[in-house]
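Student: Take this structure first; my questions come after.
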Amino acid sequence: MIKKTATGWMVDFYPDGRGGRRVRKKGFKTRLDANAWLRRFHQKGKGSGLRLSDLVDYWYQHHGHALKDAKYRYSRVTAIVTRLGNPFVADFTATDWLEYRMARMNEVSSSTVNHEQRYLKAVFSESIRLGRIQDNPIGNVRQLTEPHHEMMFLSLEQCRKLLKECLSSSNPFTWAVAVICLATGARWSEAEGLTWVNWLPGKVIFRNTKNGKDRAVPIDRDLQSEVEAFALPGPGRMFDTCRYAFRSAYGRCGYDTPHQLTHILRHTFASHYMMNGGDLLTLQRILGHGSINMTMKYAHLSPDYLESAVRLCPMASLRVDAM
């Protein structure tokens with residue numbers, strides 16, 4: 631363990647357990663210095679010359695390759711390592727990360743930095759589980775507070791205008807994918823990646839979703855027929871990529887919705903569902919949220935949301951007494 635002494639900090643521990651040898655090292659100016667030495671001590675025998683890039687490759691070979699976003703995640707983490715200067719794992723500290731994070735904030739948003747921290751933290755955590763290293767240097771680093779962005783959604787009139795622009799797009803699939811998103815609450819990637827085998831009468835099955843779980847969502851049969859007129863012939867994918875065509879169509883509408891593009895279709899579905907009297911638990915299942923807390927952001931749109939406050943507040947009783 632690390633102790634405070636009269637002259638600084640000291641490391642005092644039994645690396646092989648209480649019955650084994652005792653290691654004591656004095657003279658550290660700060661707790662961070664003592665921690666760094668202890669981490670280097672544990673790295674000996676496990677590759678003290680291990681670079682961060684080596685650890686990322688090890689993580690990818692033994693775990694990362696099996697993730698749904700494996701290639702994307704690997705490229706992101708590799709880029710982080712390059713920006714960090716590819717330090718030795720034993721020398722990399724929380725302070726190094728905090729300094730990187732501070733500089734990175736001048737280039738990207740706090741949300742992006744938090745994503746990078748989660749990705750790198752996961753590499754360390756999994757490598758510990760696999761026995762490759764002993765310590766996660768950024769395991770106790772808190773994430774940055776992200777600014778709250780107002781959740782926006784489109785009105786029915788705005789939806790009509792958008793679908794009209796999608797229909798006039800040079801990409802024939804843009805309208806169909808947008809319609810599926812508005813009809814089922816699907817993410818753009820889920821709708822765009824649909825295959826004919828998951829396009830059933832009155833139902834759409836979304837597979838390989840963000841949380842890894844399949845979900846089936848009902849859809850109007852007549853609307854399905856309209857969508858099918860724009861789709862590719864079976865039996866494979868129904869649509870080719872059309873995200874950029876949607877971006878152009880959305881831009882022509884001139885809507886001011888910062889930080890939202892294709893995802894606003896999902897917000898629009900959920901918002902109108904609640905405004906039309908839908909319930910949160912059903913919406914959670916439709917959207918595929920892992921937690922009801924994620925769905926709660928739409929609760930205030932329900933016509934009956936907190937309605938009981940009018941009837942059950944003290945003023946309701948006071949007004950009755952005054953009559």
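Residues are numbered in my numbering as their position in the sequence shown, beginning at 1, plus a constant of 630.
We treat Cβ as the ideally placed atom computed from N, Cα and C, and that holds for glycine.
On a predicted model such as this, the values are computed, not experimentally measured, just so you know.
Residue 668 by DSSP, collapsed to three states: which one?
Tutor: Three-state DSSP puts residue 668 in a helix.
Student: Distance, Cα to Cα, residue 632 vs residue 644?
Tutor: So the two alpha carbons sit approximately 12 Å from each other.
Student: Taking just the CA atoms, how far does residue 726 sit from residue 641?
Tutor: Distance between the alpha carbons of residue 641 and residue 726: 21 Å.
Student: Between the beta-carbon of residue 781 and the beta-carbon of residue 887, is there less than 7 Å?
Tutor: Taking 7 Å as the Cβ cut-off, residue 781 and residue 887 do not qualify as a contacting pair.
Student: Assuming residue 869 is part of the beta strand (DSSP E), what are its boundary residues?
Tutor: Residue 869 -> no beta strand (DSSP E), and no H or E assigned at all.
Student: What is the residue span of the beta strand (DSSP E) that residue 845 lies within?
Tutor: Its beta strand (DSSP E) spans residues 845-848.
Student: Measuring alpha carbon to alpha carbon, tell me which residue in 768, 777, 803 is nearest residue 751.
Tutor: Ranking 768, 777, 803 by Cα distance to residue 751 puts 768 first.
Student: Could you check where the alpha helix (DSSP H) with residue 628 kicks off and where it finishes?
Tutor: Absent from the structure is residue 628, since the part of the chain shown begins at 631 and ends at 953.
Student: Tell me the DSSP secondary structure of residue 825 in three-state form.
Tutor: In this structure, residue 825 counts as strand in the three-state DSSP scheme.
Student: Distance, Cα to Cα, residue 683 vs residue 772?
Tutor: Their backbone Cα atoms lie some 23 Å apart in a straight line.
Student: Go ahead and pull the three-state DSSP assignment for residue 681.
Tutor: Here residue 681 sits in strand by DSSP.
Student: One question on the structure: do residue 812 and residue 931 come within less than 7 Å of each other, judged by their Cβ atoms?
Tutor: Their beta carbons are not under 7 Å apart, which means residue 812 does not touch residue 931 by this criterion.
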